[in-house]
Amino acid sequence: FCRLNDELKNLIAELGSSRIHSVIPNCQFRSKTSRLKTFTANQLDEIKDPSGLFYILPFQKGYLVNWDVQRKVWDHLFGKEMFKVDFADTSVVITEPYFNFTSIQESMNEILFEEYQFQSALRINAGSLSAHHYFHTNPSELCCMVVDTGFSFTHIAPYCRSRKMKEGIRRINVGGKLLTNHLKEIISYRRLPPPLLAQRRRRCGSKSWLINVMFQLFI
Numbered sequence: 122f123c124r125l126n127d128e129l130k131n132l133i134a135e136l137g138s139s140r141i142h143s144v145i146p147n148c149q150f151r152s153k154t155s156r157l158k159t160f161t162a163n164q165l166d167e168i169k170d171p172s173g174l175f176y177i178l179p180f181q182k183g184y185l186v187n188w189d190v191q192r193k194v195w196d197h198l199f200g201k202e203m204f205k206v207d208f209a210d211t212s213v214v215i216t217e218p219y220f221n222f223t224s225i226q227e228s229m230n231e232i233l234f235e236e237y238q239f240q241s242a243l244r245i246n247a248g249s250l251s252a253h254h255y256f257h258t259n260p261s262e263l264c265c266m267v268v269d270t271g272f273s274f275t276h277i278a279p280y281c282r283s284r285k286m287k288e289g290i291r292r293i294n295v296g297g298k299l300l301t302n303h304l305k306e307i308i309s310y311r312r313l314p315p316p317l318l319a320q321r322r323r324r325c326g327s328k329s330w331l332i333n334v335m336f337q338l339f340i
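The opening position of the sequence shown corresponds to residue 122 in this note's numbering, with each subsequent residue numbered one higher.
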C-alpha cells in the first residue's frame with residue numbers, strides 16, 4: 122500500500138512479494154508476445170493478452186533481493202506517473218519483514234537517503250503498525266497477538282504494552298504463494314480453458330480470502 126498525505130508530506134509504503142497492497146503489483150512483467158518490452162507494476166493493464174506472462178519479482182522467500190526490479194517499481198510509484206513525490210520534503214514509512222537481514226536494511230537506508238534523498242525514513246514491521254493501531258483504539262488492553270500472513274510465510278507475533286516480544290515470534294512457511302498453488306491443484310482443469318493463468322489464480326485466491334474474512338465478521 123502506498124499513500125501520500127499532501128498536507129503532512131508523509132509517504133507510507135507497504136512492501137510485499139506480490140502487490141503493494143491495493144495500488145500496484147510489486148513486480149515487473151514480460152509477455153511472450155512482446156519479450157523485448159518490460160512492463161512495470163500497473164503497466165500490466167496495457168497487456169492485451171495476459172496469457173504467458175513472466176513475473177520478475179524483487180522478493181525471494183519474503184526478502185528483498187532484486188534491487189534493480191524494486192528500484193524500477195519505486196521509480197514508477199514515486200514518479201510523475203503516480204505520486205509525484207517531492208523527496209526533500211517527504212518522510213517515508215516503509216514496512217519490512219520480521220528478522221530482516223542487516224544487509225538488506227543497510228541497502229534500503231542507502232537507497233532511500235542517498236538515491237531518493239527522503240527527508241526521513243522509518244523501517245518497521247507491518248505487524249507493529251497493526252499492534253499500535255489496536256492498542257490506540259483499545260487503551261485498556263495490555264497484550265495482543267498479530268498474525269501477519271504474506272506471500273511467502275506467516276508470522277505470529279505477540280505484543281505487550283505496545284512492545285514487540287521478539288522471543289515469542291514464530292514463523293510458519295505458509296503464505297499466499299503456497300495457498301495459490303494449492304488452489305491451482307484443487308481446481309478442475311476440465312472446467313477452465315488450459316492453461317490456467319497465474320493472474321486468474323491470484324484473483325480467485327484474493328476474492329476467496331475476502332469472502333472468508335467477511336463471513337467470519339458476520340458470524
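Don't be surprised by glycine CBs; every beta carbon is placed ideally from N, CA and C.
CB contact flag (residue i, residue j, <8 Å)
i	j	result
THR211	LEU136	no
PHE272	LYS305	no
LEU178	CYS148	yes
MET286	ILE277	no
THR270	GLY248	no
TYR176	PHE204	no
PHE274	ASN302	no
Burial state of residue i (16 or more Cβ within 10 Å)
i	result
THR216	buried
PRO260	exposed
PHE220	exposed
PHE239	buried
PRO315	Low per-residue confidence applies at PRO315: pLDDT is 48, beneath 50, and the placement is therefore not dependable enough to give any value.
ASN246	buried
GLN226	exposed
Contacts around residue i, its chain only, beta-carbon distance under 6 Å, and the 5 residues preceding and following it disregarded
i	result
LYS153	GLY173
VAL214	ILE133 and LEU243
GLY289	PRO279
PHE256	SER283
Residues near residue i by beta carbon distance below 7 Å, same chain, minus five either side
i	result
ARG282	LEU263
ALA252	CYS265, VAL267, TYR280 and SER283
GLU107	Within the shown structure, residues of the chain are numbered from 122 to 340, placing residue 107 beyond reach of any answer.
Distance between beta carbons of residue j and residue i, contact taken as under 8 Å
i	j	result
THR161	LYS193	5 Å
SER228	TRP188	7 Å
LEU198	ILE145	7 Å
Contact set for residue i: own chain, Cβ-Cβ below 8 Å, skip 5 residues either direction
i	result
VAL190	CYS148, GLN149, ILE177, LEU178 and PRO179
Chain D within 8 Å of residue i, Cβ atoms only
i	result
ARG244	As a matter of chain content, chain D is missing from the structure shown, which is built from one protein chain.
Write down every uninterrupted run of the alpha helix (DSSP H) in the region 210-250 whose length is 4 residues or greater and which is fully enclosed by it, in chain order. 223-231
Output the residue ranges of the beta strand (DSSP E) runs that lie fully inside the region 148-198 and measure 3 residues or longer, sorted by chain position. Correct list: 149-152, 155-161 and 174-177.
Ranges of the alpha helix (DSSP H) found wholly within the region 260-310, counting only runs of at least 4: The DSSP assignment places complete alpha helix (DSSP H) segments of no fewer than 4 residues inside the region 260-310 at 297-307, in order along the chain.
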